[in-house]
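What follows is a set of notes on a single structure, which appears directly below.
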Amino acid sequence: MNARGRFIVLEGVEGVGKTTQWKQLGSRLRAIGLTVVEVREPGGPNVGEFIRELLLSADRTIPPTTEALLFAASRAEVVSTVIQPALERGDIVLVDRFLLSTYAYQGGGRGLDHTQLGNINAFATGGLTPDVTLLLSLPLESALKRATLRSTPDRIEREDRSFHERVAETFLHATSDTWQHAHPDCGRIDMIDATGSADEVTHRCVEFLAQLWPSQMGALLEGSAAKSAAGTAA
47 MNARGRFIVL EGVEGVGKTT QWKQLGSRLR AIGLTVVEVR EPGGPNVGEF
97 IRELLLSADR TIPPTTEALL FAASRAEVVS TVIQPALERG DIVLVDRFLL
147 STYAYQGGGR GLDHTQLGNI NAFATGGLTP DVTLLLSLPL ESALKRATLR
197 STPDRIERED RSFHERVAET FLHATSDTWQ HAHPDCGRID MIDATGSADE
247 VTHRCVEFLA QLWPSQMGAL LEGSAAKSAA GTAA
């Protein structure tokens with residue numbers, strides 16, 4: 047019987063560089079011989095991608111409760127068909143957004159009740175909790191400036207400044223012991239400084255993971271050191 051895999055989530059505000067880190071971390075983990083399954087939210091192998099298109103389409107208006115339920119529906123599919131089976135095989139599951147985003151966007155941004163959101167998602171996920179969430183931190187002004195460079199901002203990226211401020215505030219609160227005690231379904235949450243280049247942020251992420259699980263991911267530091275040395279030589 048395989049040991050359970052690791053469930054790692056990347057989170058942060060729009061433009062923080064989360065998806066870039068999701069891709070780079072996946073590559074770094076594979077480079078040390080680990081089997082990695084990458085998942086993005088919303089999304090999934092079947093209806094999840096249709097839900098993604100519906101949720102992010104800029105020409106639609108979706109009521110907050112409907113939005114929360116659609117995210118939960120997408121999550122239910124990807125947990126049961128992708129994440130849970132991968133964890134049972136002993137794989138590393140790397141997810142671009144999970145439950146913390148629901149609390150930040152639908153809770154903080156839309157003002158929905160956290161208890162109700164937690165209940166909806168407990169049903170959707172069967173109570174599955176991430177092993178760790180890496181919350182990328184960058185000043186909101188800098189992050190939103192990055193996000194505006196995208197050629198086709200989605201429905202959520204187009205929300206006004208006050209919405210994104212409420213989202214960012216929720217993410218900030220999520221790093222406190224009090225918030226995490228009240229939201230155990232999010233698992234452990236650790237903040238990672240997202241300033242600097244993408245490679246610098248990746249180094250901080252792999253350093254954290256190598257220290258968290260040294261027997262499994264300690265080799266990440268060797269690759270990170272080699273990459274840093276090559277950059278210095280250049």
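Sequential numbering of the sequence shown, starting at 47, is according to my numbering. Where is the CB? At the ideal position from N, CA and C, for every residue including glycine. Note that the coordinates shown come from a computational prediction; the quantities given were computed from them, not determined experimentally.
Opening and closing residue of the beta strand (DSSP E) in which residue i lies
i: PHE53; result: 52 to 57
i: VAL82; result: 82 to 86
i: LEU140; result: 138 to 142
i: ASP239; result: 235 to 239
DSSP beta-bridge partners of residue i
i: VAL178; result: ILE54
i: LEU184; result: In DSSP, LEU184 forms no bridge with anything.
Boundaries of the alpha helix (DSSP H) in which residue i is found, first to last residue
i: LEU295; result: With the chain represented from 47 up to 280, any question about residue 295 goes unanswered, as that position is not in the structure.
i: VAL93; result: 93 to 102
i: HIS210; result: 207 to 219
i: GLY72; result: 64 to 77
i: LEU133; result: 130 to 135
i: HIS249; result: 244 to 258
i: ALA228; result: 223 to 228
Assumed close pair residue i, residue j - CB separation to whole angstroms, cut-off 8 Å
i: LEU181; j: GLY58; result: 6 Å
i: VAL124; j: VAL83; result: So it is not a contact: roughly 10 Å between Cβ atoms.
i: CYS251; j: LEU145; result: That pair is no contact at about 20 Å.
i: ILE51; j: ALA132; result: For clarity, residue 51 is Gly in the given sequence; the question names Ile instead. Contact holds; Cβ gap of about 6 Å.
i: GLY61; j: ALA193; result: 3 Å
i: PRO110; j: GLN70; result: Between GLN70 and PRO110 the Cβ distance is about 33 Å, and since that is not below 8 Å, they are no contact.
_Touching by the beta-carbon criterion (3+ pairs, under 8 Å), the segment 260 to 267 and the segment 82 to 96_ = Flag = no, the segment 260 to 267 and the segment 82 to 96 do not touch.
*asked:* Within 8 Å, do at least three Cβ pairs link the segment 50 to 57 to the segment 106 to 120?
replied: Because the criterion of three Cβ pairs below 8 Å is not met, the segment 106 to 120 and the segment 50 to 57 do not touch.
*Quick check: the segment 159 to 173 against the segment 99 to 106, are there 3 or more CB pairs under 8 Å?*
Too few Cβ pairs lie closer than 8 Å, so no.
*Looking at C-beta atoms only, is the number of pairs between the segment 247 to 267 and the segment 59 to 79 that lie closer than 8 Å three or more?*
Touching, per the Cβ criterion.
_Segment contact flag, the segment 204 to 217 with the segment 169 to 188, C-beta cutoff 8 Å, min 3 pairs_ = Segment contact: the segment 204 to 217 against the segment 169 to 188, three or more CB-CB distances shorter than 8 Å; contact assigned.
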